[in-house]
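Residue numbers (the working numbering): 1 to 428. Glycine residues also receive a C-beta, built at the ideal position from the N, C-alpha and C atoms. Written below as structure tokens is the structure these notes are about.
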Amino acid sequence: MTHRITRRAVNTGIGAAVVSPALGAMPAFAQGGEPIKIGFGMALSGPLAVNGQQALLGAQIWAEETNAKGGLLGRKVQLIHYDDQSNPSNIPAIYTKLIELDKCDLVVSGYATNMVAPAIPVVMQKNKLFIGLFALDANGEFQYDKYFSILPFGQTPREASNEGFFQVAAAQTPKPQTVALVAEDAEYSRNAADGARNNIKKYGFKIVYDKSYPPSTTDFSPIIRAIQATNPDLVVICSYPLSSVGMLLSAHELGLKPKMMGGGMVGLQAIAIKNKLKSRLNGIVNYETWVPSPKLMAPAADFFKKYQARAPGLGIDPLGYYLGGWGYTYMQVLGDAIAGAKSVKDDDVAAYLRSHAFDTIMAAGIRFGKNGEWTKGRALQVQYHDITDAADLDTWRGMSYQTVLTPEDEKTGDIIYPYEKALAPPRG
């Protein structure tokens, strides 16, 4: 089957919407039935595109599979999306157009906290259901009762995003004492840093450095030197992809060697960034939401086979492990709720989401609680190790270069501690 994307111009100031139907041999839908329109913005250009592009393909695969099975409620599913260009200022206009001009039945978010938070006031005003994709406590301020989060961090997402880092650190002998905390001045990283401060207090560490930097920063050497001057045992970095790379390159150039480093760095999960950093990832302990362990891969294997067959031709992340599966999952949850509620009315679908559990390719038994967050989370912390500069796609495809440290029921091994020990030549 050949899959194509059709484009149609929309008379707006934010460019063309893209309609993503499934093409090819299609079942008969209810005669005269309008498609169910699901609208969203997505980071398809700009610094977040490395992840947003994965999410889009995941969503498209879900729509194609759903339509091949007869759609939802006897109607075809149609995805309508705009490129938000990784720019939060584009978000209000995108969601206003999706709701008012495109007449979408339902809307969901694009990728990332920075893109989800500015959409919430718009959907609240319109009284629309809203599923957020990888937004760290974006609804904490708004407490909107029709918001539902696809992020496996549980009821305390700010803390859960990096608590495993501090759990592992606290278990070392002798216990490290001091922490340098640095965060990009952006919605996600501010929230993650707030969680880190609470975890630092909970686990009895002392902060010796706590500063933020603007997203426009390109020279990270002064930041690394300032951190070095405090001689911290732990360095926690809360950052988006470009600054994650910049921080690690500068840390290696200047020889920063705390006992542990990482925690909240977005981007390290993407293949393009892994390929850029390679051996400089060794020793880093960082959050993850999913890894290709046999246990977690089993329910997702069919999806990733489809994703990985198509990604090279699209020039996007070839594995899709970070956002591809979750892009499928947030549509899977919405589709199951539509089918269960037998309705596309926002109130009906929201009521179903609140009262039912959802089994998906990325996680089973998802239930939504306060502020639309998961009642039970599964935040991972992994350590990278034994990576050489000859690492390639086959390296990143499996688990040989990463160990899950927490939570206990997903753990695959122990930390190499301190950080400097993991910088040694690969073992074996």
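Using 7 Å as the threshold, is the C-beta distance between A391 and K278 below it?
Taking the sequence shown and counting its residues from 1, the one referred to as residue 391 is at position 391. Taking the sequence shown and counting its residues from 1, the one referred to as residue 278 is at position 278. The answer is yes: Cβ separation under 7 Å.
Below 6 Å CB to CB, which residues in the same chain sit around M139 once its five sequence neighbours on both sides are set aside?
Mapped onto the sequence shown, residue 139 falls at position 139. Reading off the sequence shown, one finds Asn at residue 139, where the question assumed Met. Same-chain partners within the cutoff: Y147, N371, G372.
Just grab the DSSP bridge partners of A440 for me.
The question about residue 440 has no answer here: the residues shown for the chain are numbered 1 through 428.
Please report how far the alpha carbon of V19 lies from the alpha carbon of Y419, in whole angstroms.
On the sequence shown, residue 19 is found 19 positions in, with the first residue counted as 1. On the sequence shown, residue 419 is found 419 positions in, with the first residue counted as 1. Each residue's alpha carbon lies about 47 Å from the other.
Quick one, which of P241, I80, G246 has its alpha-carbon nearest P35's?
Locating residue 35 in the sequence shown gives position 35, where the first residue counts as 1. The shortest CA-to-CA distance from P35 to any of P241, I80, G246 is the one to I80.
Considering only the alpha carbon of each residue, which of Y95, M115, I227 lies closest to V123?
In the sequence shown, the residue the question calls residue 123 occupies position 123. If we check each option's Cα against that of V123, Y95 comes out closest.
Quick one: is N114 buried, meaning 16 or more other Cβ sit within 10 Å of its Cβ, or exposed?
Your numbering for residue 114 matches position 114 in the sequence shown. Its Cβ being crowded by 16 or more others within 10 Å, N114 is buried.
Give the single residue among H356, M261, R197, N51 whose Cα lies nearest to the Cα of G315.
Taking the sequence shown and counting its residues from 1, the one referred to as residue 315 is at position 315. Cα-wise, what sits closest to G315 is N51.
Got a sec, what are the start and stop residues for the beta strand (DSSP E) S109 sits in?
Position 109 of the sequence shown holds residue 109. Per DSSP, the continuous beta strand (DSSP E) segment holding S109 begins and ends at 106 to 111.
I'd like the list of long-range same chain contacts for D105, defined as Cβ closer than 8 Å, with 5 residues on each side in sequence excluded.
If you number the sequence shown from 1, residue 105 lands on position 105. Answer for D105: I36, K37, I38, V344, listed in chain order.
Thinking C-alpha only, which one of L133, W290, Q228, N275 is nearest M261?
By one-based count along the sequence shown, residue 261 stands at place 261. Looking at the Cα atoms, Q228 is the closest of the given residues.
Would you mind listing the alpha helix (DSSP H) stretches within the stretch 334 to 358 that are 4+ residues and don't spill past its ends, in chain order?
346 to 355
According to DSSP, simplified to helix, strand and coil, what is H385?
On the sequence shown, residue 385 is found 385 positions in, with the first residue counted as 1. Under the three-state reduction of DSSP output, H385 falls in the coil class, being neither helix nor strand.
Should L101 go down as buried or exposed, given a rule of 16 or more other Cβ atoms within 10 Å for buried?
Residue numbering aside, residue 101 sits at position 101 when the sequence shown is read from its first letter. Exposed, since its Cβ has fewer than 16 Cβ neighbours within 10 Å.
Identify whether L129 lies in helix, strand or coil by the three-state DSSP scheme.
The sequence position of residue 129 within the sequence shown is 129, counting from 1. Coil at L129, not helix or strand.
Output needed for P299: all residues of its chain with C-beta closer than 6 Å, excluding positions within five of it in sequence on either side, in chain order.
The residue given as residue 299 occupies position 299 in the sequence shown. Around P299: I361.
Is the beta carbon of N162 closer than 7 Å to that of A196?
If you number the sequence shown from 1, residue 196 lands on position 196. If you number the sequence shown from 1, residue 162 lands on position 162. In contact: A196 and N162 (Cβ atoms closer than 7 Å).
Would you check if the stretch 244 to 252 and the stretch 268 to 276 touch, i.e. whether three or more CB-CB distances between them fall below 8 Å?
yes
Keeping to the same chain, check which residues put their C-beta closer than 7 Å to that of K126; ignore five residues upstream and five downstream.
By one-based count along the sequence shown, residue 126 stands at place 126. Contacts found: I99.
Where does I416 sit, in a helix, a strand or coil, going by DSSP?
Reading the sequence shown from its first residue, position 416 is the one you call residue 416. Reduced to three states, the DSSP call for I416 is coil.
To which residues of the same chain is M42 closer than 7 Å at the C-beta, ignoring the five residues directly before and after it?
Counting from one through the sequence shown, the residue named residue 42 turns up at place 42. Around M42: G52, A55, L56, H81, D83, D84, G110, Y111.
What three-state label does DSSP hand G398 in the structure shown?
As a first step, residue 398 must be located in the sequence shown, where it is residue number 398. The answer is coil: DSSP assigns G398 none of H, G, I, E or B.
Sorted by chain position, which residues of the same chain lie with C-beta nearer than 7 Å to Y322's C-beta, five sequence neighbours on each side aside?
Along the sequence shown, read from residue 1 onward, the residue named residue 322 stands at position 322. Cβ neighbours of Y322 within its own chain (closer than 7 Å, five residues either side excluded): N51, Q54, Q269, A270.
Under 8 Å: do the stretch 407 to 422 and the stretch 282 to 294 share three or more Cβ pairs, one atom per stretch?
yes
Between A301, A180, N275, A160, which lies nearest to Q381 when the distance is taken from Cα to Cα?
On the sequence shown, residue 381 is found 381 positions in, with the first residue counted as 1. For the residues A301, A180, N275, A160, the minimum Cα distance to Q381 belongs to A160.
Between D359, D145, A309, which lies nearest to M331 when the distance is taken from Cα to Cα?
As a first step, residue 331 is located in the sequence shown; it is residue number 331 there, counting from the start. Comparing Cα positions, the closest option is D359.
Does the Cβ of Q60 have 16 or more other Cβ atoms within 10 Å, making it buried, or fewer, making it exposed?
Taking the sequence shown and counting its residues from 1, one reaches residue 60 at position 60. Here Q60 is buried: its Cβ has 16 or more other Cβ atoms, across all protein chains shown, within 10 Å.
Is the Cβ-Cβ distance between Q167 and T406 less than 7 Å?
If you number the sequence shown from 1, residue 167 lands on position 167. If you number the sequence shown from 1, residue 406 lands on position 406. A contact, by the Cβ cut-off of 7 Å.
Out of curiosity, what's the CA-to-CA distance linking P47 and D347?
For the purposes of this step, residue 47 is identified with residue 47 of the sequence shown, where counting begins at 1. For the purposes of this step, residue 347 is identified with residue 347 of the sequence shown, where counting begins at 1. Whole-angstrom Cα-Cα distance: 35 Å.
When you compare each of D389, R158, G369, P215 to P88 by their alpha carbons, which one comes out closest?
Working through the sequence shown from its first residue, we reach residue 88 at position 88. Looking at the Cα atoms, P215 is the closest of the given residues.
For T412, which residues of its own chain have a beta-carbon under 6 Å away from its beta-carbon, when the five flanking residues on both sides are left out?
Locating residue 412 in the sequence shown gives position 412, where the first residue counts as 1. Once the five neighbours on either side are set aside, the close Cβ partners of T412 are T403, V404.
Under three-state DSSP, which class holds S86?
Within the sequence shown, residue 86 is the residue found at index 86, counting from 1. Coil at S86, not helix or strand.
Do F153 and V108 have their beta-carbon atoms positioned less than 7 Å apart in this structure?
If you number the sequence shown from 1, residue 108 lands on position 108. If you number the sequence shown from 1, residue 153 lands on position 153. No, they are not a contact pair.
Skipping 5 residues on each side, what residues in its chain have a beta carbon closer than 6 Å to that of Y352?
Indexing the sequence shown from 1 puts residue 352 at position 352. Within the same chain, Y352 has close Cβ partners A337, G340, A341.
Helix, strand or coil, according to DSSP, for Q172 in the structure here?
As a first step, residue 172 must be located in the sequence shown, where it is residue number 172. In this structure, Q172 counts as coil in the three-state DSSP scheme.
Quick one, which of Y307, K202, T388, A49 has its alpha-carbon nearest G325's?
What you label residue 325 is simply residue 325 of the sequence shown in a count that begins at 1. The residue with the shortest Cα to Cα distance from G325 is Y307.
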